[in-house]
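In the working numbering, the protein residues as written are 52 to 404.
Virtual Cβ for every residue (Gly too), placed ideally from N, Cα, C.
All remarks here apply to the structure that follows.
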Ligand code: SF4
Ligand code: SF4
């Protein structure tokens with residue numbers, strides 16, 4: 052378990068990102084391609100999670116955002132795709148969880164309808180929330196909406212130090228995040244069993260070749276709980292540690308710092324085959340705002356679509372037409388998959404082991 056001081060250091064030295072202009076160039080080089088590291092075909096399991104990325108509009112524009120979301124983006128779910136998703140949620144009892152992300156999902160077309168549909172069908176509804184949206188005009192009722200529908204809130208708080216959060220996410224974001232967490236607590240989040248509040252920690256982007264994986268999740272959760280309770284009276288359920296994959300703005304930062312290949316090789320050197328069976332891509336369909344299907348949100352951002360056994364690219368309308376969610380056999384991979392399989396593993400639900 053890290054000491055409080057060690058945990059505080061984990062939040063320091065954020066990498067600065069000054070431009071997005073070059074990062075979509077050639078992929079980073081791992082010594083062994085991820086596909087060759089696999090000893091067996093990387094097969095999909097029975098689908099039980101539908102993760103929907105509703106679009107790229109957000110009230111923030113964080114320096115580390117892998118979606119490149121901002122208030123100036125315009126992409127969001129259309130009414131047509133929203134209806135198709137509602138039909139999928141309605142028709143397939145095997146979907147146990149509907150996981151909504153973005154952008155700021157609360158701002159995007161279809162958000163409330165999708166939550167209400169999922170909950171009416173008895174499914175878990177997860178929202179990946181930036182917390183600050185509750186203070187924007189027109190969204191002040193969001194916390195009460197969450198509580199009413201018992202939405203599981205997974206909120207990013209990459210550090211519990213104000214300077215570091217504001218540097219990554221914008222001035223005043225830490226204060227508003229703390230106020231939002233206190234608001235959720237007043238509604239019963241973090242204390243009532245049906246109102247789950249989880250926080251997400253991302254390690255700092257490296258600024259030198261002294262790389263490290265995310266710290267022990269349980270130890271860091273203890274440190275977060277102590278600090279947030281003692282300083283702000285905040286309670287929450289679980290902390291998820293998520294490894295930075297070399298994609299999106301993280302990839303640009305690494306490339307800009309001339310660390311991209313070294314970081315990929317570091318992740319590869321920590322490859323742990325015990326994580327493979329638990330990866331989130333095994334049982335998930337990830338859908339973008341245009342209805343295209345991927346094995347995970349990372350593949351979605353890197354434009355690596357899921358494919359049927361005959362190589363066809365899949366869409367949500369195709370799923371409705373063929374009448375099964377279990378059409379994908381082989382998961383599409385790339386070398387950034389080493390980020391999910393390093394050490395204790397990483398997923399949208401935190402460490403895997
Ligand atoms: S809050 Fe999330 S989606 Fe919005 S800019 Fe920040 S990282 Fe991106
Ligand atoms: S990036 Fe991670 S979740 Fe996505 S396919 Fe690779 S291992 Fe699976």
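Residue i in three-state terms, based on DSSP
| i | result |
| --- | --- |
| residue 394 | coil |
| residue 405 | Outside the shown range of the chain (52 to 404) lies residue 405, about which nothing can therefore be said. |
| residue 29 | This structure cannot speak to residue 29, because the chain is shown only from 52 to 404. |
| residue 149 | strand |
| residue 249 | strand |
| residue 380 | coil |
| residue 231 | helix |
| residue 258 | coil |
| residue 183 | helix |
| residue 106 | strand |
| residue 175 | strand |
| residue 140 | helix |
| residue 367 | helix |
| residue 283 | helix |
| residue 121 | strand |
| residue 74 | Note on residue 74: pLDDT 35, under 50, position unreliable in the model; the coordinate value appears next. It is coil, neither helix nor strand. |
| residue 188 | coil |
| residue 101 | strand |
Neighbourhood of residue i by C-beta, 8 Å cutoff - its chain only, sequence neighbours within 5 removed
| i | result |
| --- | --- |
| residue 350 | 332, 337, 356, 357, 383, 385 |
| residue 305 | 79, 256, 257, 297, 311, 314 |
Contacts around residue i, its chain only, beta-carbon distance under 6 Å, and the 5 residues preceding and following it disregarded
| i | result |
| --- | --- |
| residue 154 | 106, 107, 108, 109, 120 |
| residue 229 | 283 |
| residue 200 | 166, 170 |
| residue 152 | 104, 179 |
| residue 101 | 146, 149, 336 |
Own chain, CB closer than 7 Å to residue i, minus 5 neighbours either side, in chain order
| i | result |
| --- | --- |
| residue 404 | 325, 326, 395, 396 |
| residue 376 | 98, 143, 145, 336, 370 |
Element boundaries [alpha helix (DSSP H), containing residue i]
| i | result |
| --- | --- |
| residue 171 | 162-171 |
| residue 295 | No alpha helix (DSSP H) holds residue 295; DSSP gives it neither H nor E. |
| residue 213 | 213-220 |
| residue 87 | 85-88 |
Start-to-end residues for the beta strand (DSSP E) that takes in residue i
| i | result |
| --- | --- |
| residue 312 | Counting along the chain, residue 312 falls outside any beta strand (DSSP E), though it belongs to the alpha helix (DSSP H) covering 311-320. |
| residue 206 | 203-207 |
| residue 336 | 335-338 |
| residue 290 | 289-292 |
**Request:** Measuring from each Cβ to the nearest heavy atom of ligand 3, keep the ones under 7 Å and list them in chain order.
**Result:** Judged by which ligands are present, ligand 3 is missing from the structure shown, whose ligands are ligand 1 and ligand 2.
**Asked** When a residue counts only if its C-beta is closer than 7 Å to some heavy atom of ligand 1, which residues count, in chain order?
**Response** Going down the chain, each residue whose beta-carbon is closer than 7 Å to a heavy atom of ligand 1 shows up: 109, 111, 112, 113, 115, 116, 118, 120, 121, 153, 154, 155, 181, 207, 220.
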